[in-house]
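Below: one structure, written as structure tokens.
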Amino acid sequence: MTLPKDPAQRPRGGGAQEKRPDRGAELMVAWQQGDDQAFHELVDAYSGQVFALLTRFLGRRHPRREDLVQETFLRLVRARDRYTPSARFSTWLYTIVWRLCINETERSRSRRELSIDGAGEDGQVVELPDSVELDPFDGVARADVIKEVRAAIAALPDNQRIAMVLARYHSLSFAEIADVVGSSDKAIKSLIHRARETLRARLQPLFEREAI
Amino acid sequence: MNPRREQDEGAPRDPRNELDELLGLDPEPRLPDVVRQRIHDQLAAENDRMLDAVLGMDEVTAPTDLGDRIHSAVRAEARRRRSRPLGWVAVAAAASLLLAASLGWDPRGRSAESGASGGEGAVAALDVPSAELLAVLPLLESLEFLEQELDPFEREVALMVDPRDTVLLELVELGG
């Protein structure tokens, strides 16, 4: 089944009208019933998504991304018996990730770790490009675009960034994102709209370059 | 009325001006609002498409050993949770052994006082629990706990504790 591109059209997980199969919830229930292989499948299926969400939210230079993926799954283990498939599994999992993100952001801010070499003039953390992840066959232009995109995402306020990343990269509906961050559908729609406007304005020169 | 025409009322008419006047009669074309809106929508959609395209260029690749690291962390956590009571259990076991040893209990079943005596004496001793037996009861309970709660490796490590170990004795004394 293909999800609608517009997050507003995507169904909320776990509702009566929910038609999407939820493999994560099935695996979680199987694991609760003693199937340890189900936990291995959960790790295989979701660890990459958790890592991607942490990376896009915290930035590629954050040194604790992998530790936080482990911490996410440790919390999953601790909450195993409390899980009920009332919402989509991914929504529940991303809620754990979001809480870790908040804690980590507050911790980073209090330590001012990143401000030493990563802060811009306005105090915003500037996302720097990876030194090793660029494909040498892609050329400089593509590397520039990716660098700009990462910097633009990193410069968004926290709540806009998480909402935009969950909608764009994890295909969550407005309602599901609202569940993750504890907000309303309307507020999420507004956050995403503002985030996209900010990104569009910042990345506009790239569109023009692409068009040429 | 064209002001230039008023000005040149009496002058001979220039055919080039006539042409301009004729062309001026053609009203300014106006884009219908519906079409204007459609163009705006198309541009917005194109902008969205471009934005999604550039956002899509940013890919995240997870480390290949991420799953293994998660499983290792989960196993380590499980071990930690199981072995959490091990510290005080070991100390309790050591204290029990120490107490029993001070009372003359021998793990091989002989008492310091009774020496090699057994048979009727031993049976009689069971009728009324001796102070030695009561003293080692916590130890037996601890051993039962170790048997039930720990895996074979952890049990082996726990039982390697020598109650006569001077360091442990000192710790027990300090704790007591």
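Which chain is which? The protein sequence lines are A and B, in order. In case it helps, the numbering used here puts the first sequence at residues 374 to 585. In case it helps, the numbering used here puts the second sequence at residues 7 to 182. Virtual Cβ for every residue (Gly too), placed ideally from N, Cα, C.
TODO: Quick one: grab the DSSP three-state call for residue 406 (chain A).
DONE: Position 33 of the first sequence, counted from the start, is the residue given in the question as residue 406 (chain A). Coil, per DSSP.
Open item on the list: Need the endpoints of the alpha helix (DSSP H) that residue 31 (chain B) sits in, please.
Closed with: Locating residue 31 (chain B) in the second sequence gives position 25, where the first residue counts as 1. That residue, residue 31 (chain B), is in no alpha helix (DSSP H); it is neither H nor E in DSSP.
TODO: List the whole-angstrom C-beta distance separating residue 572 (chain A) from residue 525 (chain A), where the pair is believed to meet the contact cut-off of C-beta under 8 Å.
DONE: The residue given as residue 572 (chain A) occupies position 199 in the first sequence. The residue given as residue 525 (chain A) occupies position 152 in the first sequence. Rounded to whole angstroms, the Cβ separation of residue 572 (chain A) and residue 525 (chain A) is 5 Å, and the two are in contact under 8 Å.
Task: residue 66 (chain B) - containing alpha helix (DSSP H), residue span - done: Within the second sequence, the letter at position 60 stands for residue 66 (chain B). Residue 66 (chain B): not part of any alpha helix (DSSP H); DSSP gives it neither H nor E.
Task: Rounded straight-line distance, which links the Cα of residue 428 (chain A) to that of residue 435 (chain A) - done: Counting from 1 along the first sequence, the entry for residue 435 (chain A) is found at position 62. Counting from 1 along the first sequence, the entry for residue 428 (chain A) is found at position 55. When the Cα atoms are used, residue 435 (chain A) and residue 428 (chain A) turn out to be separated by approximately 8 Å.
Open item on the list: Quick test of your reading: residue 449 (chain A) and residue 469 (chain A), contact by CB under 8 Å. State the CB separation rounded to the nearest angstrom.
Closed with: Counting from 1 along the first sequence, the entry for residue 449 (chain A) is found at position 76. Counting from 1 along the first sequence, the entry for residue 469 (chain A) is found at position 96. Taking C-beta atoms under 8 Å as the contact rule, residue 449 (chain A) and residue 469 (chain A) qualify, at a distance of about 7 Å.
Task: Rounded C-alpha distance that separates residue 566 (chain A) from residue 560 (chain A) - done: For the purposes of this step, residue 566 (chain A) is taken as the residue at position 193 of the first sequence. For the purposes of this step, residue 560 (chain A) is taken as the residue at position 187 of the first sequence. Between residue 566 (chain A) and residue 560 (chain A), the alpha-carbon positions lie close to 10 Å from each other.
Task: residue 478 (chain A) - DSSP class collapsed to helix/strand/coil - done: Along the first sequence, one-based indexing puts residue 478 (chain A) at 105. Of the three classes helix, strand and coil, the one that applies to residue 478 (chain A) here is helix, per DSSP.
Task: With 16 other Cβ atoms within 10 Å as the buried cut-off, status of residue 483 (chain A) - done: Translated into the one-based positions of the first sequence, residue 483 (chain A) becomes position 110. Residue 483 (chain A) is exposed by the Cβ-count criterion.
Open item on the list: With three or more C-beta pairs closer than 8 Å as the rule, is the segment 461-477 of chain A touching the segment 395-405 of chain A?
Closed with: Taking 8 Å as the limit for Cβ pairs, the verdict is that the segment 461-477 of chain A does touch the segment 395-405 of chain A.
Task: Nonlocal neighbours in the same chain, by C-beta distance under 6 Å from residue 489 (chain A), ignoring five residues either side - done: In the first sequence, counting from the first residue as 1, residue 489 (chain A) sits at position 116. Since pLDDT at residue 489 (chain A) reaches only 44, below the 50 mark, its modelled position is unreliable, and the value read off the structure follows with that caveat. Hits under 6 Å: none found.
Open item on the list: With H, G and I counted as helix, E and B as strand and the rest as coil, what does DSSP make of residue 483 (chain A)?
Closed with: Stepping through the first sequence from its first residue, residue 483 (chain A) is reached at position 110. Residue 483 (chain A) falls in the helix class under three-state DSSP.
Open item on the list: I'd like to know whether the C-beta atoms of residue 456 (chain A) and residue 426 (chain A) end up nearer to each other than 8 Å.
Closed with: Taking the first residue of the first sequence as 1, we reach residue 456 (chain A) at position 83. Taking the first residue of the first sequence as 1, we reach residue 426 (chain A) at position 53. The beta carbons of residue 456 (chain A) and residue 426 (chain A) sit no closer together than 8 Å.
TODO: Report, in whole angstroms, the separation of the C-beta atoms of residue 554 (chain A) and residue 536 (chain A), which I expect to be a contact under 8 Å.
DONE: Residue numbering aside, residue 554 (chain A) sits at position 181 when the first sequence is read from its first letter. Residue numbering aside, residue 536 (chain A) sits at position 163 when the first sequence is read from its first letter. About 7 Å separates the two Cβ atoms, so the contact holds.
Task: Neighbourhood of residue 557 (chain A) by C-beta, 6 Å cutoff - its chain only, sequence neighbours within 5 removed - done: If you number the first sequence from 1, residue 557 (chain A) lands on position 184. For residue 557 (chain A), the CB contacts under 6 Å within the same chain, skipping 5 residues up- and downstream, are 551 in chain order.
Task: Boundaries (first-last residue) of the alpha helix (DSSP H) holding residue 77 (chain B) - done: As a first step, residue 77 (chain B) is located in the second sequence; it is residue number 71 there, counting from the start. Unbroken alpha helix (DSSP H) run through residue 77 (chain B): 72-89.
- [ ] For residue 141 (chain B), count neighbouring C-beta atoms within 10 Å of its own C-beta (all shown protein chains included) and say buried if the count is 16 or more, exposed if not.
- [x] Numbered from its first residue, the second sequence carries residue 141 (chain B) at position 135. Classification for residue 141 (chain B): buried.
- [ ] Tell me, to the nearest whole angstrom, how far the beta carbon of residue 83 (chain B) is from that of residue 447 (chain A); I am working on the premise that it is less than 8 Å.
- [x] As a working mapping, residue 83 (chain B) is identified with position 77 in the second sequence. As a working mapping, residue 447 (chain A) is identified with position 74 in the first sequence. Indeed, because the Cβ distance is near 6 Å, the residues count as touching under 8 Å.
Task: Members of the segment 49-69 of chain B near chain A, C-beta cut-off 9 Å - done: If the cut-off is 9 Å between Cβ atoms, the segment 49-69 of chain B has 52, 53, 54, 56, 57, 58, 59, 60, 61, 62, 63, 64, 65, 66, 67, 68 and 69 near chain A.
TODO: Give a yes or no on whether 8 Å exceeds the smallest Cβ distance from residue 45 (chain B) to chain A.
DONE: Here residue 45 (chain B) refers to the residue found at position 39 when the second sequence is read from its first residue. Judged by the 8 Å Cβ criterion, residue 45 (chain B) is not in contact with chain A.
Open item on the list: When you compare the CB of residue 85 (chain B) with every CB in chain A, is at least one pair closer than 8 Å?
Closed with: Along the second sequence, one-based indexing puts residue 85 (chain B) at 79. Taking Cβ atoms only, chain A never reaches closer than 8 Å to residue 85 (chain B), which makes this a no.
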